[in-house]
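K.L.:
Using the numbering used here, read the sequence shown as starting at 2 and increasing by one per residue. Built from N, CA and C at the ideal position, the CB exists for glycine as well. Here it is, the structure, as structure tokens.
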Amino acid sequence: MFHRDALLYAFFITELKVQVCDATKMNEGQKAKYKKLIPFNMFKNYFKTAWRNFTKNKTFSFINITGLAIGMAAAILIFLWMQNEMSRDTLYSESDRLYLMYNRDKFNGQQWAWNSTPKILAPTLKKDYPEVEDAVRVNSYSANYLFTVGEKKLIEHGFIVDSGFLNMFDFPMLYGNPTKALSGNYNIVLTEKLAKILFDNVNVIGKTIKIDSTDIFTVSGVMKDLPNTTSFQFDYLLPWAYMHKLGQDDDVWDNNSLSTYVLLKQNASHDAFDAKIKNITVDHTKSGTLPSTTQVFSYPVSKTYLYGKNDNGKLVAGRIETVKLFGVIAAFILLIACINFMNLSTARSEKRAKEVGIRKAVGAQKFSLIAQFIGESILLALFAGIIAILVVQLVLPSYNSLVNKQLYLDWNNAYFWLELLAFIIFTGVIAGSYPAFFLSSFKPVKVLKGTFRAAHTIIKPRKVLVILQFTFAIVLIISTIIILHQINYAQERE
């Protein structure tokens, strides 16, 4: 027998053949070379063993990979939706300086906050407050007009906005100058989609459109279709001057009828700005017959979608709670798939027991066995991940119709591939963790003597895993049924 300190060994189990090398017969160069080969040969051996088990047990591998793939596909679909929700209104280049104006007042003893503001607010902020770089009004409530181009007649939804809107939110323009596109009294900016519908073309600068059978507008800009990560949804933009023509512009401070967006200057303090504008409505109405008690404050545009729920006059977490809930659901689905993987793997423990016993007998440490089994799980997770991505790509059109979004897999983004790889490795590690520790704990003496038996305990880990798996599944099924009944009730009630 060789002394441990005098022996460098690498063992390669291929059809139960073992190779051992005596370090006492090597020179220093051979020892150094052999040390370098040990990790490579070890991982090569792990891969061969995993591949052999995969091809030898095709039915088991198919069931395991399919179950894991379905769970991974469901989780990926939910994660795509969550990513879209989390990135809402963060695409603007100056999103850290963009704010939406809100009112706060008390009605029937309860404090409320809402984002409809008077028309006069934006020009007043821009004129009287040096912290404000720009302020624009967005009227999205009454801009539904009949469009006539030749024989085509259709009603589309758009916004009436101040001329600085396109610069503030920097939506990509295909044609036209964003700075001047809304400067004329009868200019109009179309989305790419609407331009194709009206003119069967995109480059339509200078073309004319009749609106409500009375006014002729000239196309001054065509912008790319709006991304699905913005809260703005419109087909065209009209200049604020059109409000004058319609007689709908006013300077009444208690007429809260549109949204006001503010771009603060660099290094301007948001808290100091809010303190200054708090009583702007009160100050401008105190000399009138009906002085207002409404307070004004600003709120980051990037937070209004997820954290815009009114709670006694304060804006708190709203839709983000739904996003977190779906994150928990995705985790449960993935965990169910991983537990199923664990149970199937440990159910075959006796077939892998002799392999573990032989490896331990020739010197394999527990850590190396754990690494091998987790490596096998990651390999199966890789196959499952490939199938999951194919499933996601196939069902995305139907899924987008269900969630009313335009989700997609960004194949050209390097971060997408890194996140996908991390997701696969994470799933493989979680799914293979318990089988790895369970299989590597076998005693070689008992295994090789054929006296291996699972320990008799009151609470077995496999039983706990099965109970958890069924519990999660039942909770998700019951929750789905309850939500479905609530939706049906809301749709069918008087």
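Could you give the first and the last residue of the continuous beta strand (DSSP E) run that contains Y262?
P.N.:
Translated into positions along the sequence shown, residue 262 becomes position 261. Y262 -> beta strand (DSSP E) spans N257 to L265.
K.L.:
Check L291 in the structure and name its three-state DSSP category.
P.N.:
Here residue 291 is taken as the residue at index 290 of the sequence shown, counted from 1. L291: coil per DSSP, three-state reduction.
K.L.:
Once DSSP output is grouped into helix, strand and coil, what is the label at E322?
P.N.:
Start at 1 with the first residue of the sequence shown, and residue 322 comes out as number 321. The answer is helix: DSSP assigns E322 an H, G or I state.
K.L.:
Can you name the start and end residues of the beta strand (DSSP E) that F148 belongs to?
P.N.:
As a working note, residue 148 is residue 147 in the sequence shown. Unbroken beta strand (DSSP E) run through F148: N145 to V150.
K.L.:
If you draw a straight line from the C-alpha of Y176 to the C-alpha of N202, how long is it?
P.N.:
In the sequence shown, residue 176 corresponds to position 175, counting from 1. In the sequence shown, residue 202 corresponds to position 201, counting from 1. Looking at the two C-alpha atoms, the distance is approximately 12 angstroms.
K.L.:
Given I334, which residues of its chain have a CB within under 7 angstroms of its CB, disregarding the five upstream and five downstream residues?
P.N.:
Residue numbering aside, residue 334 sits at position 333 when the sequence shown is read from its first letter. Closer than 7 angstroms at the Cβ level, and outside the excluded window around I334, lie G72, A75 and A76.
K.L.:
Are the CB atoms of S293 and D252 nearer to each other than 8 angstroms?
P.N.:
Translated into the one-based positions of the sequence shown, residue 293 becomes position 292. Translated into the one-based positions of the sequence shown, residue 252 becomes position 251. The answer is no: Cβ separation not under 8 angstroms.
K.L.:
Just confirm the distance between the C-beta atoms of S258 and N116, as a whole number of angstroms; I'd bet it's less than 8 angstroms.
P.N.:
By one-based count along the sequence shown, residue 258 stands at place 257. By one-based count along the sequence shown, residue 116 stands at place 115. Going by Cβ atoms, the distance from S258 to N116 rounds to 12 angstroms, so no, they are not a contact pair.
K.L.:
Per DSSP, what kind of secondary structure is K96 in: helix, strand or coil?
P.N.:
Stepping through the sequence shown from its first residue, residue 96 is reached at position 95. First, the residue type needs correcting, since residue 96 is Ser and not Lys in the sequence shown. Of the three classes helix, strand and coil, the one that applies to S96 here is helix, per DSSP.
K.L.:
Could you give the distance in angstroms between the alpha-carbon of T67 and the alpha-carbon of N341?
P.N.:
The residue labelled residue 67 in the question sits at position 66 within the sequence shown. The residue labelled residue 341 in the question sits at position 340 within the sequence shown. Using only the alpha carbons, I get a separation of about 11 angstroms.
K.L.:
Roughly how many angstroms lie between the CA atoms of I14 and W52, to the nearest whole one?
P.N.:
Numbered from its first residue, the sequence shown carries residue 14 at position 13. Numbered from its first residue, the sequence shown carries residue 52 at position 51. The predicted model places I14 with a pLDDT of 40, which falls under 50 and marks its position as unreliable; any figure quoted below should be read in that light. The alpha-carbon atoms of I14 and W52 are separated by roughly 14 angstroms.
K.L.:
Where DSSP assigns a beta bridge to M224, which residues make up the other side?
P.N.:
Reading the sequence shown from its first residue, position 223 is the one you call residue 224. For M224, which the question treats as bridged, DSSP gives the partners M174 and T192.
K.L.:
Return the CA-CA distance between A11 and A338, expressed in angstroms with no decimal places.
P.N.:
What you label residue 11 is simply residue 10 of the sequence shown in a count that begins at 1. What you label residue 338 is simply residue 337 of the sequence shown in a count that begins at 1. Because A11 carries a pLDDT of 39, less than 50, the predicted location of this residue cannot be relied on, and the following value inherits that uncertainty. Distance between the alpha carbons of A11 and A338 is about 36 angstroms.
K.L.:
Anyone know if the C-beta pair for V162 and A196 falls short of 8 angstroms?
P.N.:
Here the question's residue 162 lines up with position 161 in the sequence shown. Here the question's residue 196 lines up with position 195 in the sequence shown. Taking 8 angstroms as the Cβ cut-off, V162 and A196 do not qualify as a contacting pair.
K.L.:
Figure out for me which residue from V137, S270 and S214 has the closest Cα to the Cα of P240.
P.N.:
Position 239 of the sequence shown, counting from 1, holds the residue named residue 240. When only C-alpha atoms are compared, the closest one is V137.
K.L.:
Measuring alpha carbon to alpha carbon, tell me which residue in W418, N188, G386 and Q112 is nearest G314.
P.N.:
What you label residue 314 is simply residue 313 of the sequence shown in a count that begins at 1. Comparing Cα-Cα distances from G314 to each of W418, N188, G386 and Q112, the minimum goes to Q112.
K.L.:
Helix, strand or coil for I206, going by three-state DSSP, please let me know.
P.N.:
Taking the first residue of the sequence shown as position 1, residue 206 is located at position 205. In this structure, I206 counts as coil in the three-state DSSP scheme.
K.L.:
Excluding sequence positions up to five away, which residues of its chain have a Cβ less than 6 angstroms from the Cβ of P398?
P.N.:
The sequence position of residue 398 within the sequence shown is 397, counting from 1. None.
K.L.:
Report yes if the C-beta distance between I375 and S434 is below 8 angstroms; otherwise report no.
P.N.:
Looking up residue 375 in the sequence shown gives position 374. Looking up residue 434 in the sequence shown gives position 433. Contact flag set, yes.
K.L.:
Consult DSSP for I483 and reduce its assignment to one of helix, strand or coil.
P.N.:
As a working mapping, residue 483 is identified with position 482 in the sequence shown. It is helical.
K.L.:
Can at least three beta-carbon pairs, one atom from the segment 216 to 234 and one from the segment 168 to 188, be found at a separation below 8 angstroms?
P.N.:
Touching, yes, given that three or more Cβ pairs across the two stretches are closer than 8 angstroms.
K.L.:
Can you say whether N140 is buried or exposed, counting buried as having 16 or more other CB atoms within 10 angstroms of its CB?
P.N.:
Within the sequence shown, the letter at position 139 stands for residue 140. Classification for N140: buried.
K.L.:
Is the beta carbon of L199 closer than 8 angstroms to that of L183?
P.N.:
By 1-based counting over the sequence shown, the position of residue 183 is 182. By 1-based counting over the sequence shown, the position of residue 199 is 198. In this structure, L199 does not lie closer than 8 angstroms to L183 by Cβ.
K.L.:
Leaving aside the five residues before and after Q470 along the sequence, list all residues of the same chain whose C-beta is less than 7 angstroms from its C-beta, in chain order.
P.N.:
On the sequence shown, position 469 is the one that residue 470 refers to. Excluding residues within five positions, the ones whose Cβ falls inside 7 angstroms are I337, I340 and N341.
K.L.:
Once you ignore the five residues that flank A385 on each side, which residues in its own chain have a CB closer than 7 angstroms to its CB?
P.N.:
The residue you call residue 385 lines up with position 384 of the sequence shown. Here the set comprises I66, L69, A70 and M73.
K.L.:
Could you check the C-alpha separation between L391 and L421 for me, to the nearest Å?
P.N.:
Numbered from 1 along the sequence shown, position 390 holds the residue referred to as residue 391. Numbered from 1 along the sequence shown, position 420 holds the residue referred to as residue 421. L391 and L421: Cα-Cα distance of roughly 13 angstroms.
K.L.:
Taking only the alpha-carbon atoms, compute the straight-line gap between N188 and I425 and give it to the nearest angstrom.
P.N.:
Sequence index remark: in the sequence shown, residue 188 carries index 187 (1-based). Sequence index remark: in the sequence shown, residue 425 carries index 424 (1-based). One C-alpha to the other measures close to 51 angstroms.
K.L.:
Just checking my contact of F148 with I210 at CB under 8 angstroms: how many whole Å lie between their CB atoms?
P.N.:
The residue given as residue 148 occupies position 147 in the sequence shown. The residue given as residue 210 occupies position 209 in the sequence shown. The pair is a contact, with the Cβ atoms about 6 angstroms apart (cut-off 8 angstroms).
K.L.:
So for E157, helix, strand or coil by DSSP?
P.N.:
Taking the first residue of the sequence shown as 1, we reach residue 157 at position 156. In the structure shown, E157 sits in a strand (DSSP, three-state: E or B).
K.L.:
Closest to K410 by C-alpha separation, out of F233, T286, N54 and A389, would be which residue?
P.N.:
Counting from one through the sequence shown, the residue named residue 410 turns up at place 409. The sequence shown places Leu at residue 410, rather than the Lys named in the question. The shortest C-alpha separation from L410 is found at A389.
K.L.:
For S480 and G429, what's the separation of their Cα atoms in angstroms?
P.N.:
On the sequence shown, residue 480 is found 479 positions in, with the first residue counted as 1. On the sequence shown, residue 429 is found 428 positions in, with the first residue counted as 1. C-alpha separation (whole angstroms): 28 angstroms.
K.L.:
Quick check: Y416 and L408, are their CB atoms within less than 8 angstroms of each other?
P.N.:
Locating residue 416 in the sequence shown gives position 415, counting from the first residue. Locating residue 408 in the sequence shown gives position 407, counting from the first residue. Cβ distance not < 8 angstroms, so Y416 and L408 don't count as in contact.
K.L.:
Looking at the unbroken beta strand (DSSP E) that takes in N58, where does it start and where does it end?
P.N.:
As a first step, residue 58 is located in the sequence shown; it is residue number 57 there, counting from the start. Looking at the DSSP string, N58 is not in any beta strand (DSSP E), and its letter there is neither H nor E.
K.L.:
Beta strand (DSSP E) containing K310: first to last residue?
P.N.:
Sequence index remark: in the sequence shown, residue 310 carries index 309 (1-based). Note, K310: beta strand (DSSP E), K310 to D312.
K.L.:
By how many angstroms is the C-alpha of I488 removed from the C-alpha of D106?
P.N.:
Looking up residue 106 in the sequence shown gives position 105. Looking up residue 488 in the sequence shown gives position 487. Their Cα atoms are separated by approximately 33 angstroms.
K.L.:
Can you tell me where the alpha helix (DSSP H) holding K120 begins and where it ends?
P.N.:
For the purposes of this step, residue 120 is taken as residue 119 along the sequence shown, with counting starting at 1. Run containing K120: none; DSSP gives neither H nor E here.
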